[in-house]
Every structure is written in structure tokens, then in C-alpha cells.
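Everything on this sheet refers to the single structure shown next.
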Amino acid sequence: MAEGSFARGLFLGAIEEDLIFPWREGPPAEAHTVQVLIDDVRRFFEDHVDSAAIDRAEQIPDRVLAGLKQRGAFGLCAPQNLGGLGFSATASARALQEIGGLDLSIGLTLAAHQSLALRALLLFGTDGQKARYVPRLARGESVGAFALAEPGAGSDAAGIQTIARTVTHTASGAPGAAPGVVYALDGAKAWTTNGGFADFFTVFARTSPPDEGAKPKITAFLLERGPGVSSGPNQSKLGVRGASTTVVRFDGVHVPGENVLGEVGRGVRVAMQALDHGRLDLAGASIGVCKRAIKMTLDRCRRRRAFGRPIGEFGLIKDKVATMMAETWASESAAYLTTGLVDGGAEDFSVESAICKVLASETCWRVVNEAMQVAAGVGYMAGEAYERLVRDARVTLVFGGTSEILRAFIALSGMQGPARQKADVGRALQEPIKGFGLLGEIALRKARGALGRDGMTRHHPLLQREAAVLDRFVQELSRGVDNVLRKHGRDIAEMQYTQKRTADMAIELYAVAACIVRTTRAIERRGPEGARREVDLTRIFVASAEQRLAETVAAMDRNDDELRKSVATRAYADGAYPFDLT
Ligand SMILES: Cc1cc2nc3c(=O)[nH]c(=O)nc-3n(C[C@H](O)[C@H](O)[C@H](O)COP(=O)(O)OP(=O)(O)OC[C@H]3O[C@@H](n4cnc5c(N)ncnc54)[C@H](O)[C@@H]3O)c2cc1C
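Okay, so the sequence shown: first residue is 2 according to my numbering, each after it adds one.
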């Protein structure tokens, strides 16, 4: 396949359609295997999983975890020769979509285990490390946790304080490490999913002294539970209560140098690349929740009557359903366009995966909110499925990177291309969110090498209007980025309002492109009438995206950013809302 990042190209005004056309589906044999797994998982959940009880007990029963292990659900992405199912990115996200939709506590448990902890090992492990740990993890004999965030450092991963000090030298060590180094690990990780029972940790720690310069060296380690590793009690949460979330402490834990994952001092790269993959699975899980919410809503629309009619007959309810459908369609299209790219060999998809995570999680939140509104009084009652749905869905906006951080990442990464054409702005872009720029240079070279056309040609003619929207606003994005970089140079790194607008445009445009590619494939396969429903959903989504894009473009020139900043600054000084009636 062609190299480069489609999303990064958008910032340069390029629509690299050869990267995204045709819509990719996995090999039929794999699709069959995934379907068999999904059918089996559905039956298993129907017969053996009581999600309301899991929520109440704040624990997933061992027999449920055992059933999932038996079905291979702990080793979706691990290669078959190491005991996993060897799923592609598409198959893995599809499986997590199913499981996340059935029970997000279980989805999160599996995501932390394999989309992050195991994934980091698969991406950066040596053959020896993989042979040692992957089979056990893939079979679920070991459960993994991804121990990055700390009480004082969540979004700012580079600010972690857990430290790995060199204590002794023995045998030979990892690349970059002195031969035979043994580390002593000290620190605490917050909110670690699977923290209560995981026996394997992908853990991140500083390997430079706290006083050595502003930029710490962070290293990833593979660690088995043993002396010095302790977990706090399960933390009660708003939602995903079945998932185990605990503090994990490391007190002088000895880790041999051979357990360094990747290179010493390059741990942020390990974390970021694992998260690139993990965010696609999280997007899948969010889409699963959307589909569940839509199903519940459709059922409610049929059964609940008001004013002598089923509520589904009211225009305002139909409007909600249409929006829920179209937004879910767009998120699903974006997520599986991206997994298709990954399966096709794309190496630079960090911007795409961040886009998918933001899009799917925010869609998920809107969709469950509307589902609850359609259910109205029943929706608000404790113990009803809607309540759990909303509580659970909220985590998707935080886990795997918050929407704010990911927007900044999308904007600053995307702007590296245009910025590198302008003096040294590029380096400054990387500073506010440490580690984010790691893939930038490689990505940029690739994106630039692939640039050429700047308009859609491969869409089906039925989608001409939608393609024109994409063409027009990609140019607007590129023009807007060019303007702000010319005007503000390196200051753009601190201009978060502009970053948000830029990211919002990139997210919309990527979703529009994904809908067009997928719908084109549907029309080619089944003809315009056969693909009528896909065309309709794409039209609804693109029409509303067009409005949002137009507003965003207008706000690039005319906005009240400074006013808003001063209101917030004043509110910080007041410490409270200062007005009352008197
Ligand atoms: C249920 C649950 C499970 C989790 N599981 C894991 C896990 O298994 N492993 C793990 O490592 N972590 C885990 N986390 C932690 C999670 O990754 C962090 O909560 C998340 O990264 C945000 O960090 P924070 O909570 O410290 O928020 P903060 O970083 O304190 O952010 C607070 C607010 O400020 C915003 N903000 C921060 N920096 C910026 C900026 N530069 N620009 C604009 N806005 C900014 C954020 O978006 C947010 O709105 C889990 C969290 C939850 C809730």
C-alpha cells in the first residue's frame, strides 16, 4: 500500500485518496472466525453473565473471566504461534466492540490486558520476552495491567515519579542498558485497571534521577507480581464498576535489565505506540455501547406509548434516532477505515487513532444521553439498564487519553507538516505535551512523499455533494492552519482554542472521508437502491458535519477566545460563581 498518513495530509490540504480507497475488509476466513467468536460470546453472555449483578458486586466473577479465557478473548491480538487468536486490528476492534457493548466493565478489563499491556509487549518485546510472557497472557493464565498514570501525573505522562534506580550489575541487559543492570522500582500507580488481580505489569518509570534536567528519561519494564508489588483496595467508581481499578505500589521491586521493554529511556514511545493501537479497540468498545443504546431506544420507541401513540412516531424522537444512527455510522466508518489501514500495513496512524477515539467516545456519550432521554423517567431510575449504560459510557472520554489531550495531540501532530515548512515552529509544537511528537518526523516525511492530488475522484457519483464538502473544507483546514502558523509561529503551541478548532475540523473531515469510502463500497456492491440506507446515513452525517465545519471556519477569524480566557481567569480569582439576585 501507499505510505503516509491520510489524516496528516488533510492539514496540508491533501486528500490522499489512494490511502483510503477501496474500503478494506479483512480476509473472509478471518471474518468467519470473528463471527463464530461473536456468536459464541453472545451465547455465553446470555447464559452466564449478569451485568447488573457484576455492577452491584463491583467484581467480575472468576467463572465469567474463565469462560472468556476459554474462548480466546484474552489473546485476540496475540499471534497464533504464541497462543493467541492472531486477530488483525479490524478483528480485534470488532471483538472488543461486541464485548464492550455487552458489558463495558468486561470490555475495559480486556482492553487494559491486551490492547495496552500485551500490545506493548508485542510491539517492543524481544523474541525472548515474547516467548516468555505472551503465551500465558494470551491464554489468560496471566492477566496484564498497563501501569502508566500516577496520582500526580495522568495526562502528563512524562511527569511520572515512579523511579527505577540501578542497583547492581549481573548478566547481560537490554539495548541501551549497561550489561546486566538490575533496577529497583519505587513508586505508585493510580487507577490501574486490573490492578487488583493482574500478575503482569507493563510499567513505566523514570530511569534518570529526579534532579537531572527538566526532561526525564522514562523506561518501560515488564514486571511479574512478586515481593514489593502491592495493590490497594478496589476503588469504587461511577461506572465500569466490575473492572478492578486500584492503586499499585512498587516498593524496591527488583527488575532485571532483561525486562526492559524497548530501549532504556524510550518508554514514552512504548506507551504512545501501545496507546495508538489501544485507542482503536477503545473506539470499537464505544461503538458497541452506541449499538446497544440504539437497540434499547428502538425497543422503547415501539413499546412506550404517549398521547395514544408509540413514542417512536413523534418527529422529535425520530430526529434523535436518526442522529444516533448517523453518528454511530460515522464513528464506525472512521474506526474501521483506520483498522483497515493498520491491517494494510500503515505504520503512521497515531493521528487517525486519536481521531477515532475522540469521535467514538464522544458519539457514545451523546448516544447514551439521548437513549436515556427517550427512556425519560424509566431511564433515570436506579437499577435500570440505562443508568448503568450512562455511568459506564462516561469512562470512554477519559480512559486512554482525555478528549482535550487528544484534540491537542491531533492538532499539534497534524500541524507539524505545515509547520515544518515554516522555520522551527515544528519543534515548539512538540513541547507542551511531552512525547506526543515522537512519531512526527517519520510521519511527516511519509505524508509529504505521498502528497499529490487535492480533490476526491474515487467516490461514487451519488456522493458528489459529500465529496465536494470534503474537498472544500480540507482546503479551509489547510488555509486556516497556514494562517495561524504564519501569524503566530511557535506561539501556536499555547493556543488551545485554535488547536481545538483545528482538531475538530480534522475529526469531522476524517469521518466524512470514511463515510464516503465505505458508502462507495456499499453502492458498488449492492447498487444505489441496495445501499440506500448507507447513502442516507452518510448524507445526514455529512450535512450536519458541513454546518459544524462552517461554524468552525468562521470562528477561526471571528471569535471571543480572549473574552473567554479573561472570564475564566476572573472566575479563578473569585473561586466561585460570584452573582446572586441582590
Ligand atoms: C476507570 C479508569 C481506569 C483507568 N485505567 C488506567 C490504566 O489501566 N492505566 C493507566 O495508566 N491509567 C489508567 N487510568 C488513568 C487515565 O489514563 C487518566 O485518568 C487520564 O489519562 C487523565 O489523567 P488525569 O485523570 O490525571 O487527568 P488530568 O491530567 O489531571 O486532567 C484533568 C483535566 O485537565 C485536562 N488537561 C490536562 N492537561 C491538559 C492540557 N495540556 N491541555 C488541555 N487540557 C488538559 C484534562 O483533559 C482533564 O479534563 C484510568 C482512569 C480511569 C478513570
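Positions of the beta carbon are idealized from the N, C-alpha and C atoms, including for glycine.
Just so it is clear, the structure is predicted and the values come from calculations on it, not from any experiment.
Remark: the shortest separation between the CB of Asp157 and any heavy atom of ligand 1 falls under 7 Å.
Annotation: Ala514 to Asp575 spans about 45 Å, alpha carbon to alpha carbon.
If you check the CB distance, Leu138 and Phe201 come in under 8 Å. Taken through DSSP and simplified to helix, strand or coil, Thr247 comes out as strand.
Scanning Ile100, Ala347 and Ala150 for the CA closest to the CA of Thr193 turns up Ala150. Counting along the chain, the unbroken beta strand (DSSP E) around Thr193 starts and ends at Val182 to Thr194. Gln81 has its CB no nearer than 7 Å to any heavy atom of ligand 1.
For Ile219, the enclosing beta strand (DSSP E) has its first and last residue at Ile219 to Glu225.
Using a C-beta cut-off of 8 Å, the segment 253-260 makes no contact with the segment 61-80, since fewer than three inter-stretch Cβ pairs fall below that distance. Residue range Phe201 to Arg207 is occupied by the beta strand (DSSP E) that includes Arg207.
By the 16-neighbour rule on beta-carbons within 10 angstroms, Phe7 is buried. With fewer than 16 neighbouring CB atoms inside 10 Å of its own CB, Gln465 falls in the exposed class. If you compare the alpha carbons of Ala199, Leu111, Thr167 and Gly87 with that of Asp282, the shortest gap goes to Leu111.
Cα atoms of Ala556 and Thr503: separation of roughly 11 Å, rounded to the nearest angstrom. At a threshold of 7 Å, Gln60 does not count as near ligand 1, since its beta carbon sits no closer than that to any of the ligand's heavy atoms.
Per the Cβ contact rule, the segment 371-388 is not in contact with the segment 90-98 (fewer than 3 Cβ pairs under 8 Å). Counting only runs of 3 or more residues that sit fully inside the segment 231-289, the beta strand (DSSP E) segments are 246-257, in chain order. Distance from the Cα of Arg540 is smallest, within the candidate group Asp492, Val230 and Leu471, for Leu471. When DSSP states are grouped into helix, strand and coil, Val144 belongs to the coil group. Within the same chain, and ignoring the five residues on either side of Phe198 in sequence, the residues whose Cβ sits closer than 7 Å to its Cβ are Val144 and Ser245.
Relative to the non-hydrogen atoms of ligand 1, the Cβ of Gly531 never comes closer than 7 Å to any of them. The nearest non-hydrogen atom of ligand 1 is less than 7 Å from the C-beta of Gly402. By the Cβ-count criterion, Glu552 is exposed, with fewer than 16 other Cβ atoms from all chains shown falling within 10 Å of its own Cβ. Annotation for Ala150 indicates a beta carbon within 7 Å of some heavy atom of ligand 1. Annotation for Thr246 indicates a beta carbon within 7 Å of some heavy atom of ligand 1. Non-local beta-carbon contacts of Gly27 in its own chain, meaning distances under 7 Å to residues more than five positions away in sequence, involve Ser89, Thr91, Ala92 and Asp344 in chain order. Every alpha helix (DSSP H) stretch that sits fully inside the segment 348-411 and reaches 4 residues is listed by chain position as 351-381 and 386-394. Taken from the Cβ of Ala165, every heavy atom of ligand 1 lies 7 Å or farther away. Contact between the segment 72-79 and the segment 96-115 is present: 3 or more CB-CB pairs across the two stretches fall below 8 Å.
In this structure, DSSP gives His170 an extended state, which the three-state scheme calls strand.
Bridge partners of Glu151 according to DSSP: Ala154. The C-beta distance from Val368 to Glu333 rounds to 12 Å, too long to meet the 8 Å contact threshold.
In the three-state scheme derived from DSSP, where H, G and I count as helix and E and B as strand, Pro210 is classed as coil. The criterion of a C-beta distance shorter than 8 Å is satisfied by Asp393 and Leu105.
If you check the C-beta of Ile406 against ligand 1, you find a heavy atom less than 7 Å away.
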